[in-house]
Amino acid sequence: MYRRRCPKPDIRSTATGGGTLYNRQYQGSLNYIFRFDTLGSRLSFKADYLHQNVDRNYDYDTRDFSRPEDAEPFSTELRRERYKLLGHLFASRLDLNKNFSEERSLDVGLSYDLRYADNNAPVHRFEEEEWIPDPKMSTWFIDRTQSTGAYTQWADAYGKFSYQAGLRLQWDRIAYRNAENTGYEHRDYWRLFPELSLTYTFNPEKGTNINLDLYRSSGRLPDNNALSPRRVWQSQYSYTVGNENLEPGWGYDIDLSYTLRNKLTISYGGTWSRGSETMTFYDPDDPNIVYTTKVNGEHGSAHNIWIDYTTLVTKWFRVKSFIHGYWYRREVDGDWQASYSAGGGMFSLSLMFQPHPSMIIYLDGGVELPQKRLETWQNSYWALAAGITKSFCKDKLYISLDVNNILSTKLKKETVRWDNSYYSVLRQPRGHRSLRLVFSIGYRFNRNAKKSVSTVQTLRDPEEILK
41 MYRRRCPKPD
51 IRSTATGGGT
61 LYNRQYQGSL
71 NYIFRFDTLG
81 SRLSFKADYL
91 HQNVDRNYDY
101 DTRDFSRPED
111 AEPFSTELRR
121 ERYKLLGHLF
131 ASRLDLNKNF
141 SEERSLDVGL
151 SYDLRYADNN
161 APVHRFEEEE
171 WIPDPKMSTW
181 FIDRTQSTGA
191 YTQWADAYGK
201 FSYQAGLRLQ
211 WDRIAYRNAE
221 NTGYEHRDYW
231 RLFPELSLTY
241 TFNPEKGTNI
251 NLDLYRSSGR
261 LPDNNALSPR
271 RVWQSQYSYT
281 VGNENLEPGW
291 GYDIDLSYTL
301 RNKLTISYGG
311 TWSRGSETMT
321 FYDPDDPNIV
331 YTTKVNGEHG
341 SAHNIWIDYT
351 TLVTKWFRVK
361 SFIHGYWYRR
371 EVDGDWQASY
381 SAGGGMFSLS
391 LMFQPHPSMI
401 IYLDGGVELP
411 QKRLETWQNS
421 YWALAAGITK
431 SFCKDKLYIS
441 LDVNNILSTK
451 LKKETVRWDN
461 SYYSVLRQPR
471 GHRSLRLVFS
481 IGYRFNRNAK
491 KSVSTVQTLR
501 DPEEILK
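This note's numbering applies: residue 41 is where the sequence shown begins, and numbers increase by one.
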């Protein structure tokens, strides 16, 4: 039975440690476009590939403050973990765009994605002056996910009114393998997503219009850990267990926006969705052991309001401000029921300078209000970032430097069970900030060419793909 009211473990402990991390990545992207008429119709193909190899060695020790009667008090356990990830990602799509006029067009396309991730995390404990393998805490699994999609989209316009209607069919297969099965287990998901977009333009010359979008959204697919029933060690008294019947989330969305003179945009977004929620329960044979798993039955709604204002102060100075407010409600059905609601908001300001046509300098700042969910709470947060981009050789060669978290507040998160019997707080040290420098160099082939070209584009963030 799933519960939120988990008992407080009889054994309390702290863990400290350190280690090394090596992360090697190779990535590339190919984009080919063939234009075959004067209206801009084209056939395009895009393929992305990412290879990632992670090797992490981590040593840590755990000190128990209270122990059962049959153990020594204040004992210390030494453990060593090595985590290795071998990942491959291939993503491709083929698109055909046929323009019958400036307003009327037809789009069809196919896509295929393959993700492969081999995760191996052996753990050893130090006993009798030697390192001994610990199969209880060690984990190994392979994730192989394939996704195939097909879509069609029709667009047309009548005077100041225009519309766009589309339909997408998606098939996903999640295959996984771990130490307890000799072959791959898999789940197949078939999903259908319609969409409709309506736009009325009041003043085409000044960029004033109103837009309405109606569509069915696709939630994130379950990963292999969420599907595999094998329990996976997380901490000394905590495990995760998968759910073979887990379904991907989905929802119905409505977006309404009003744009004035291409400067001010006011938007509303509403979502009514179904998905999964993380449940906690305890081992009936050992109340010190706590399990977490994901279950179907979560449903709710969310409402968002955005205000975006952009203006060109001078020819070389642009200001962009953004305000976002939200409110959402979630309910969970099952062996027990729960509901919660929360709201919040954020504000950001971006200053962009262009002292030379080939150089752009920006300064970004943002503030985020406290966030609250069913069991977690996060304090307000603000950060400052800056960057510079310089292009050469008629904008073909460019070099950029981005600096994130130049100034930022500490981040504090809290996790509290409903009856406060199990309390967990995660804090970063006061004044700590994760300063991040990103340096990149790139070359654009045949920039602004009017004929069919082959070019290279940057692959998306690998951490988001393989995590």
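By construction, the Cβ of each residue, glycine as well, lies at the ideal position given by its N, Cα and C atoms. Quantities reported herein were computed from a predicted structural model and do not represent experimental measurements.
The residues 436, in chain order, have a CB closer than 6 angstroms to that of residue 484 in the same chain once the five nearest residues on each side in sequence are set aside. The C-alpha of residue 255 lies about 43 angstroms from the C-alpha of residue 329.
Here residue 266 carries a helix assignment [DSSP, helix/strand/coil]. Cβ-Cβ separation between residue 447 and residue 428: approximately 18 angstroms, too far for a contact (criterion under 8 angstroms). Between the alpha carbons of residue 383 and residue 80 lies a gap of roughly 45 angstroms.
DSSP places residue 124 in the strand class (E or B) of the three-state scheme. No Cβ-Cβ contact shorter than 7 angstroms links residue 154 with residue 181. Secondary-structure assignment with DSSP links residue 160 through a beta bridge to 124, 180. When 268, 164, 277 are compared, the shortest CA-CA separation from residue 220 is found for 268.
Residue state for residue 350 is assigned as strand, using DSSP reduced to three classes.
The segment 314-326 and the segment 282-291 touch, with three or more beta-carbon pairs separated by less than 8 angstroms.
Excluding sequence positions up to five before and after residue 368, its CB lies within less than 6 angstroms of the CB of 342, all in the same chain and listed in chain order. Residue 93 is bridged by DSSP to 64, 126. Excluding residues up to 5 positions away in sequence, 298, 347 lie with their Cβ nearer than 6 angstroms to the Cβ of residue 306 in the same chain. Around the CB of residue 177, 16 or more other CB atoms lie within 10 Å, so the residue is classed as buried.
With 16 or more neighbouring CB atoms inside 10 Å of its own CB, residue 262 falls in the buried class.
A direct Cα-to-Cα measurement between residue 203 and residue 78 gives close to 23 angstroms. Spanning the alpha carbons of residue 401 and residue 71 requires a straight line of approximately 28 angstroms.
With respect to the 7 angstroms criterion, residue 59 and residue 92 are not classified as neighbours on the basis of their beta carbons.
If you draw a 10 Å sphere on the C-beta of residue 62, you find fewer than 16 other C-beta atoms in it, and that means exposed.
Across the set 222, 186, 207, the C-alpha of 186 shows the shortest separation from the C-alpha of residue 213. Between the alpha carbons of residue 141 and residue 190 lies a distance of about 24 angstroms.
Contact annotation: residue 196 and residue 245 have beta-carbon atoms that are not nearer than 7 angstroms. Beta-bridge annotation (DSSP): residue 312 is paired with 292, 341. Beyond the five residues adjoining it in sequence on each side, residue 194 comes within less than 6 angstroms, by CB distance, of 146, 205 in the same chain, given in chain order. Under the three-state reduction of DSSP output, residue 277 falls in the coil class, being neither helix nor strand. Residue 257: member of the beta strand (DSSP E) spanning 248-258, first to last residue.
Between the segment 350-359 and the segment 380-399 there are three or more C-beta pairs closer than 8 angstroms, enough to call the two in contact. By the CB criterion at 7 angstroms, residue 96 and residue 163 fall outside the cutoff. Beta-bridge annotation (DSSP): residue 393 is paired with 357, 401. Annotated three-state conformation of residue 449 is coil, per DSSP. Bounds of the beta strand (DSSP E) holding residue 209 are 201-218.
Between residue 293 and residue 337, the C-beta spacing is not below 7 angstroms.
Per DSSP, reduced to three states, the secondary structure at residue 86 is strand. Residue pairing by DSSP places residue 383 opposite 367 in a beta bridge.
Taking residue 125 as the centre and dropping the five residues before and after it, the same chain places the C-beta of 94, 159 closer than 6 angstroms to its C-beta, in chain order.
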